[in-house]
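*Asks:*
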Amino acid sequence: MASTALNTPHSEHSASFVPSKSLISDYENFDAIKEIYSGFIDKLEYSTMSAISDDNETFQALLSEFASYNTGRWFEALCRESSTIAELGYANHSPAVRLQAARFTWYLIYVDDLGQKFPSMLEGFQERLLTCKDPEGSFLQAFRAHLADMYKFWDPLPANCITLAGIDFINGCLLEQSPEISEMRLSKAATSWPYFLRNKTGSAAAYGFFLFPKELNVDMTTYIQVMEDIVFYTNLTNDILSFYKEDIAGERNNYIYNRAHVSHQSAIDALRDTVKDTLDAHARITEVLKGTNAYASWKTWVNGYIGFHTTLKRYRLDDLGIA
Numbered sequence: 003m004a005s006t007a008l009n010t011p012h013s014e015h016s017a018s019f020v021p022s023k024s025l026i027s028d029y030e031n032f033d034a035i036k037e038i039y040s041g042f043i044d045k046l047e048y049s050t051m052s053a054i055s056d057d058n059e060t061f062q063a064l065l066s067e068f069a070s071y072n073t074g075r076w077f078e079a080l081c082r083e084s085s086t087i088a089e090l091g092y093a094n095h096s097p098a099v100r101l102q103a104a105r106f107t108w109y110l111i112y113v114d115d116l117g118q119k120f121p122s123m124l125e126g127f128q129e130r131l132l133t134c135k136d137p138e139g140s141f142l143q144a145f146r147a148h149l150a151d152m153y154k155f156w157d158p159l160p161a162n163c164i165t166l167a168g169i170d171f172i173n174g175c176l177l178e179q180s181p182e183i184s185e186m187r188l189s190k191a192a193t194s195w196p197y198f199l200r201n202k203t204g205s206a207a208a209y210g211f212f213l214f215p216k217e218l219n220v221d222m223t224t225y226i227q228v229m230e231d232i233v234f235y236t237n238l239t240n241d242i243l244s245f246y247k248e249d250i251a252g253e254r255n256n257y258i259y260n261r262a263h264v265s266h267q268s269a270i271d272a273l274r275d276t277v278k279d280t281l282d283a284h285a286r287i288t289e290v291l292k293g294t295n296a297y298a299s300w301k302t303w304v305n306g307y308i309g310f311h312t313t314l315k316r317y318r319l320d321d322l323g324i325a
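With our numbering applied, the sequence shown covers 3 to 325.
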């Protein structure tokens, strides 16, 4: 799942506005972020997880299946990241289902990169699907076949939602990468914009429905009432746990900074409010699912999704004493 990159303006500024310095350069802000992160993870009752091993079956399967794309060090990192979210987040699922989820992440991250290089290929993907034409290029044809395989593992309605999320991810990437969008002036009245774009680029609905494959035999009525909260929780947990490493890197293209702008507050306060909203969603989901056969998958996802962020060095959470 690619981390959303939104831009934060201030005043009547363009969406490409960048604050003059990192929040982390201020010791007081560093301590505040550390406290916010620790409180967030403690309230979710996170149990420390270990990174996947080099001989992990899902990791090795991705290295083999996508070997033709191996043109550098990025390839192994992509396979590891894609495997980690599947192995930790869906630990109770069968190896075949975990591998399918890992493939999905692999495709999404590669799609994001493809959109930056060849946006016209992605722009025509959806139209070609609807007009019964082959997508342009072998990669997008393979992605279409991968989406079609979702029906082997999930019932028709959940599989429909998963495939739709994959397709909409392409639209999100195109929106996010569009010069017209990135350079537009962001109004402080556009309060729904930060989450609108964030949701399109997160494909979180797919990760939510991944929780309940056919093999678990969980009736859709058990969890569907809180699926939107699962999507919300998944999107914002990633934004929270990505914020530190993005701020260090000087990235202001993210949900937290955009939220800060449209809500007339500092980035630290926006981070605090995002944590509160995420914990509230977690509480609602837990209340609905507790005592059902959907609850174990939900608990595994909560812990595994945090573990995904803590075990991958790219998030730099060890800087904050979180592991």
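By construction, the Cβ of each residue, glycine as well, lies at the ideal position given by its N, Cα and C atoms.
(1) What's the gap between the Cα of residue 36 and the Cα of residue 57?
(2) State the DSSP-derived secondary structure class of residue 254, mapped to helix, strand or coil.
(3) Could you pull out every residue in the same chain whose Cβ sits closer than 6 Å to the Cβ of residue 224, ignoring the five residues on either side in sequence?
(4) Between the Cα of residue 175 and the Cα atoms of 148, 127, 323 and 138, which residue gives the shortest distance?
(5) Which runs of the alpha helix (DSSP H) spanning at least 4 residues fall entirely within the segment 217 to 255, listed in chain order?
(6) Between residue 300 and residue 213, is the Cβ-Cβ spacing less than 8 Å?
(7) Rounded to a whole number of angstroms, what is the C-alpha to C-alpha distance between residue 77 and residue 232?
(8) Can you grab the Cα-Cα spacing for the pair residue 83 / residue 66, in whole Å?
(9) Any chance you could list the alpha helix (DSSP H) runs of at least 4 consecutive residues sitting entirely within the segment 142 to 228, in chain order?
(10) How many whole angstroms separate the CB atoms of residue 196 and residue 286, which I take to be in contact at a CB cut-off of 8 Å?
(11) Do residue 215 and residue 155 have their C-beta atoms closer together than 8 Å?
(12) Looking at the structure shown, is residue 323 part of a helix, part of a strand, or coil, going by DSSP?
(13) Could you tell me the alpha carbon to alpha carbon distance between residue 34 and residue 271, rounded to whole angstroms?
(14) Under a Cβ-count criterion, where at least 16 other Cβ atoms within 10 Å of its own Cβ denotes burial, should residue 200 be classed as buried or exposed?
(15) Please confirm if residue 191 has its CB atom under 8 Å from at least one CB of chain B.
(16) What would DSSP say about residue 285, mapped onto helix, strand or coil?
(17) Roughly how far, in whole angstroms, is the beta-carbon of residue 226 from the beta-carbon of residue 276, given that I think they are within contact range, below 8 Å?
(18) For residue 101, which residues from the same chain have a beta carbon less than 6 Å from its beta carbon, with the 5 sequence-adjacent residues on both sides left out?
(19) Across the segment 117 to 127 and the segment 137 to 151, are there enough close Cβ pairs to call them in contact, namely three or more that are closer than 8 Å?
(20) On a CA-only basis, which of 228, 165 and 180 is nearest residue 289? Give me that one, please.
(21) Which residue wins for smallest C-alpha separation from residue 315, given the options 273, 105 and 86?
(22) Taking 6 Å as the limit between beta carbons, can you name the residues of its chain near residue 337, skipping five residues before and five after?
(23) What separation, rounded to the nearest whole angstrom, lies between the Cα atoms of residue 52 and residue 305?
(24) May I have a chain-ordered list of the alpha helix (DSSP H) segments no shorter than 4 residues that lie completely inside the segment 42 to 112?
(25) Is residue 237 buried or exposed, if buried means 16 or more other CB atoms sit within 10 Å of its CB?
(26) Does residue 298 come out as helix, strand or coil in the three-state DSSP assignment?
*Replies:* Taking the coordinates as given:
(1) Working through the sequence shown from its first residue, we reach residue 36 at position 34. Working through the sequence shown from its first residue, we reach residue 57 at position 55. Roughly 33 Å separates the two Cα atoms.
(2) Position 252 of the sequence shown holds residue 254. Of the three classes helix, strand and coil, the one that applies to residue 254 here is coil, per DSSP.
(3) Here residue 224 refers to the residue found at position 222 when the sequence shown is read from its first residue. Cβ within range, chain order: 294 and 296.
(4) Taking the sequence shown and counting its residues from 1, the one referred to as residue 175 is at position 173. With distances taken between Cα atoms, residue 175 lies closest to 127.
(5) Contiguous alpha helix (DSSP H) elements confined to the segment 217 to 255 occur at 222 to 225 and 229 to 250, taking only those with 4 or more residues.
(6) As a working mapping, residue 300 is identified with position 298 in the sequence shown. As a working mapping, residue 213 is identified with position 211 in the sequence shown. Cβ atoms of residue 300 and residue 213: closer than 8 Å.
(7) The residue you call residue 77 lines up with position 75 of the sequence shown. The residue you call residue 232 lines up with position 230 of the sequence shown. Going from the Cα of residue 77 to the Cα of residue 232 covers about 30 Å.
(8) Here residue 83 refers to the residue found at position 81 of the sequence shown. Here residue 66 refers to the residue found at position 64 of the sequence shown. In a straight line, the C-alpha of residue 83 is about 15 Å away from that of residue 66.
(9) The segment 142 to 228 contains these whole alpha helix (DSSP H) runs: 152 to 155, 158 to 179, 181 to 184, 195 to 204, 206 to 211 and 222 to 225.
(10) Locating residue 196 in the sequence shown gives position 194, counting from the first residue. Locating residue 286 in the sequence shown gives position 284, counting from the first residue. About 21 Å; that fails the 8 Å criterion.
(11) In the sequence shown, the residue the question calls residue 215 occupies position 213. In the sequence shown, the residue the question calls residue 155 occupies position 153. In contact: residue 215 and residue 155 (Cβ atoms closer than 8 Å).
(12) For the purposes of this step, residue 323 is taken as the residue at position 321 of the sequence shown. Note: residue 323 maps to coil in three-state DSSP.
(13) Along the sequence shown, read from residue 1 onward, the residue named residue 34 stands at position 32. Along the sequence shown, read from residue 1 onward, the residue named residue 271 stands at position 269. Their Cα atoms are separated by approximately 10 Å.
(14) Here residue 200 corresponds to residue number 198 of the sequence shown, with the count starting at 1. Residue 200 comes out buried.
(15) Although the question refers to chain B, the structure presented lacks it and comprises just one protein chain.
(16) For the purposes of this step, residue 285 is taken as residue 283 along the sequence shown, with counting starting at 1. Looking at residue 285 - three-state DSSP - the assignment turns out to be helix.
(17) Residue 226 sits at position 224 when you count from the first residue of the sequence shown. Residue 276 sits at position 274 when you count from the first residue of the sequence shown. Between the beta-carbon of residue 226 and that of residue 276 there is about 25 Å, and that puts the pair past the 8 Å contact cut.
(18) What you label residue 101 is simply residue 99 of the sequence shown in a count that begins at 1. Cβ within range, chain order: 60 and 63.
(19) Three or more beta-carbon pairs separated by less than 8 Å link the segment 117 to 127 to the segment 137 to 151, which places the two stretches in contact.
(20) For the purposes of this step, residue 289 is taken as residue 287 along the sequence shown, with counting starting at 1. Ranking the options by Cα distance to residue 289, first place goes to 228.
(21) Locating residue 315 in the sequence shown gives position 313, where the first residue counts as 1. Nearest of 273, 105 and 86 to residue 315, Cα basis: 86.
(22) Absent from the structure is residue 337, since the part of the chain shown begins at 3 and ends at 325.
(23) Taking the first residue of the sequence shown as 1, we reach residue 52 at position 50. Taking the first residue of the sequence shown as 1, we reach residue 305 at position 303. Their backbone Cα atoms lie some 12 Å apart in a straight line.
(24) For secondary structure counted as the alpha helix (DSSP H) over 4 or more consecutive residues, the segment 42 to 112 holds these complete runs in sequence order: 59 to 67 and 75 to 91.
(25) Indexing the sequence shown from 1 puts residue 237 at position 235. Classification of residue 237: buried, given that the 10 Å Cβ count is 16 or more.
(26) As a position in the sequence shown, residue 298 is number 296, starting the count at 1. Here residue 298 sits in helix by DSSP.
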